[in-house]
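K.L.:
One structure is given below, represented as structure tokens, and several questions about it will come after.
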Amino acid sequence: MNKYFKSSCFLMLCLGGLTFNSKAQDIRVEAKLDQSKIALGDQTILRLMAHLPVNGQVDFPVLADTISSKIQIVEMGKTDTLTDKNNPALKTISRQYTITSFDAGLHAIPAYTFGTKSGNLNTAVLPLEVTEVKVDTTKAIYDIKEPLAVKYSFMDWLRDNAKLVAFSALGILLLAALIWYWIKKRKNKPAKVEPPKAVIPLHVIALDKLNALKSEKLWEQGQVKQYHSELTDIIRDYLEKRYQINAMEQTSEEIFSGLKHMNISEQNTNKLRQMLLLADLVKFAKATPLNSDNEQSMENAISFVTNTKPAAVPFTDKETKNNEPV
Numbered sequence: 001m002n003k004y005f006k007s008s009c010f011l012m013l014c015l016g017g018l019t020f021n022s023k024a025q026d027i028r029v030e031a032k033l034d035q036s037k038i039a040l041g042d043q044t045i046l047r048l049m050a051h052l053p054v055n056g057q058v059d060f061p062v063l064a065d066t067i068s069s070k071i072q073i074v075e076m077g078k079t080d081t082l083t084d085k086n087n088p089a090l091k092t093i094s095r096q097y098t099i100t101s102f103d104a105g106l107h108a109i110p111a112y113t114f115g116t117k118s119g120n121l122n123t124a125v126l127p128l129e130v131t132e133v134k135v136d137t138t139k140a141i142y143d144i145k146e147p148l149a150v151k152y153s154f155m156d157w158l159r160d161n162a163k164l165v166a167f168s169a170l171g172i173l174l175l176a177a178l179i180w181y182w183i184k185k186r187k188n189k190p191a192k193v194e195p196p197k198a199v200i201p202l203h204v205i206a207l208d209k210l211n212a213l214k215s216e217k218l219w220e221q222g223q224v225k226q227y228h229s230e231l232t233d234i235i236r237d238y239l240e241k242r243y244q245i246n247a248m249e250q251t252s253e254e255i256f257s258g259l260k261h262m263n264i265s266e267q268n269t270n271k272l273r274q275m276l277l278l279a280d281l282v283k284f285a286k287a288t289p290l291n292s293d294n295e296q297s298m299e300n301a302i303s304f305v306t307n308t309k310p311a312a313v314p315f316t317d318k319e320t321k322n323n324e325p326v
């Protein structure tokens with residue numbers, strides 16, 4: 001009788017604590033159980049909550065893996081923050097814990113302390129009753145039955161996955177048909193014959209560059225050195241491709257030495273010499289040529305390219321006959 005009296009007093013004390021609300025200014029903290037009575041080994045949710053202004057702050061208590069020697073924490077849930085619908089200036093922060101117990105009896109969940117700027121706030125003590133699972137001792141004890149062996153043939157799997165097999169087969173057939181059509185179309189497609197690109201003669205390319213340089217009027221704008229550098233680069237490129245010499249890397253004297261045995265008239269050689277030597281004086285000796293000398297270099301360059309262009313190869317009767325339309 002004394003045991004039941006103590007249990008009743010403890011339960012009344014804990015239930016009375018449910019209505020307890022700690023206050024510090026506008027902050028309230030509380031602890032709640034989803035179920036205050038569970039069977040042995042079952043689980044329930046412990047919720048720790050703080051009600052405070054939107055701009056307020058509170059520090060939640062840190063719980064370990066166990067609440068007491070008889071109550072264990074199975075899982076800690078997430079922390080939620082909700083604004084009060086009736087009063088947008090207030091919010092509620094809650095944190096939940098899944099707890100269980102494997103000891104029958106009436107247990108106490110202790111008070112938890114929340115930290116605030118104005119001081120600490122405590123929750124009420126909560127009772128948790130854990131009841132034993134009743135076992136019918138009048139029935140006999142049987143061994144655990146072994147798993148039944150169930151035969152599952154390929155035909156059984158085919159019946160269970162008939163739609164999947166049908167759609168897969170249809171997809172494979174469709175893919176094979178597309179591949180066959182693409183291969184057949186590619187075989188029947190006539191080969192694309194690109195027309196031969198017109199070959200521009202070397203002298204035409206060089207003359208176009210010389211005329212473009214002439215139109216820039218570089219030496220008239222005081223850019224004499226750049227004018228002669230570009231002029232000689234055009235002529236060196238022409239000489240390199242026309243006579244197969246390394247004119248771009250050679251000095252003027254090396255160029256003249258390489259052209260000594262070429263079929264170039266003395267008049268054209270002199271024109272080339274005037275242009276290259278004057279350019280060397282401008283680039284390396286910082287000479288300032290007369291306007292007439294600048295013009296003479298351009299005229300000599302154009303004349304040299306025009307006079308040394310490759311002779312056109314006439315068509316033979318055989319080539320003409322082959323090119324005639326059938």
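Residue numbers for the sequence shown follow the UniProt record's numbering, beginning at 1 and rising by one.
Idealized CB from N, CA, C, for every residue including glycine.
So the beta strand (DSSP E) Asn120 belongs to, where does it begin and stop?
P.N.:
119 to 122
K.L.:
Could you check whether Ala108 and Ser68 sit closer than 9 Å to each other, using their CB atoms as the reference points?
P.N.:
yes
K.L.:
Looking at C-beta atoms only, is the number of pairs between the segment 276 to 287 and the segment 258 to 267 that lie closer than 8 Å three or more?
P.N.:
no
K.L.:
Once the 5 residues before and after Ala287 are set aside, which same chain residues still bring their CB inside 7 Å of it?
P.N.:
Only Leu281 meet the Cβ criterion.
K.L.:
Leaving out the 5 sequence neighbours to the left and right, which residues in its chain are closer than 8 Å to Asn122 when beta-carbon positions are compared?
P.N.:
Ser22, Val29, Ala111, Tyr112, Thr113, Phe114
K.L.:
Which residue spans inside the segment 134 to 219 form an unbroken alpha helix (DSSP H) run of at least 4?
P.N.:
154 to 160, 162 to 188, 202 to 216
K.L.:
Starting from Leu231, trace the alpha helix (DSSP H) in both directions and tell me its first and last residue.
P.N.:
224 to 243
K.L.:
Just reading off the alpha helix (DSSP H) that Val62 is part of, what are its end residues?
P.N.:
Per DSSP, Val62 belongs to no alpha helix (DSSP H) and is neither H nor E.
K.L.:
Going by the CB atoms, is the gap between Leu202 and Lys271 shorter than 9 Å?
P.N.:
no
K.L.:
How about Gln274 and Gln296: do their beta carbons lie closer than 9 Å?
P.N.:
yes
K.L.:
Any idea what DSSP makes of Thr98, helix, strand or coil?
P.N.:
If DSSP states are grouped into helix, strand and coil, Thr98 belongs with the strands.
K.L.:
With H, G and I counted as helix, E and B as strand and the rest as coil, what does DSSP make of Ala279?
P.N.:
helix
K.L.:
What residues in its chain sit with their C-beta under 6 Å from that of His51, if we drop five residues either side in the sequence?
P.N.:
Arg28, Thr92
K.L.:
Let's see if you can read the secondary structure: which residues bound the alpha helix (DSSP H) around Ile264?
P.N.:
Looking at the DSSP string, Ile264 is not in any alpha helix (DSSP H), and its letter there is neither H nor E.
K.L.:
Give me the residue from Leu126, Asn120, Val130 with the minimum Cα distance to Ala104.
P.N.:
With respect to the C-alpha of Ala104, the residue from Leu126, Asn120, Val130 having the closest C-alpha is Val130.
K.L.:
Quick check on DSSP: helix, strand or coil for Gln72?
P.N.:
strand
K.L.:
Could you pull out every residue in the same chain whose Cβ sits closer than 7 Å to the Cβ of Ser252, ignoring the five residues on either side in sequence?
P.N.:
For Ser252, where only same-chain residues beyond five positions count, the Cβ hits under 7 Å are Leu276, Leu277, Asp280.
K.L.:
For residue 327 versus Ile73, is the C-beta spacing smaller than 9 Å?
P.N.:
This structure cannot settle anything about residue 327, because the visible part of the chain is limited to 1 through 326.
K.L.:
State the CB to CB distance for the pair Ala301 and Leu239, rounded to an integer number of angstroms; the pair is presumed to be in contact (CB under 8 Å).
P.N.:
In fact, because the Cβ distance is near 11 Å, the residues do not count as touching under 8 Å.
K.L.:
Assign Ser168 to one of two classes, buried (16 or more other C-beta atoms within 10 Å of its C-beta) or exposed (fewer than that).
P.N.:
exposed
K.L.:
How big is the Cα-Cα spacing for Ile141 and Thr100?
P.N.:
Straight-line measurement puts the Cα of Thr100 at about 28 Å from the Cα of Ile141.
K.L.:
Taking only three categories from DSSP, how would you classify Val305?
P.N.:
helix
K.L.:
Can you give the beta carbon distance from Lys117 to Gln57, rounded, assuming they're within the 8 Å contact cut?
P.N.:
7 Å
K.L.:
Assign Phe304 to one of two classes, buried (16 or more other C-beta atoms within 10 Å of its C-beta) or exposed (fewer than that).
P.N.:
buried
K.L.:
Could you have a look at Thr251 and say whether DSSP puts it in helix, strand or coil?
P.N.:
coil
K.L.:
Excluding five sequence neighbours on each side, which residues of the same chain lie with their C-beta closer than 7 Å to the C-beta of Pro147?
P.N.:
none
K.L.:
Using the beta-carbon count (16 or more within 10 Å), is Trp180 buried or exposed?
P.N.:
exposed
K.L.:
For Leu164, is the classification buried or exposed, using 16 other Cβ atoms within 10 angstroms of its Cβ as the cut-off for buried?
P.N.:
When all chains shown are included, Leu164 counts as exposed.
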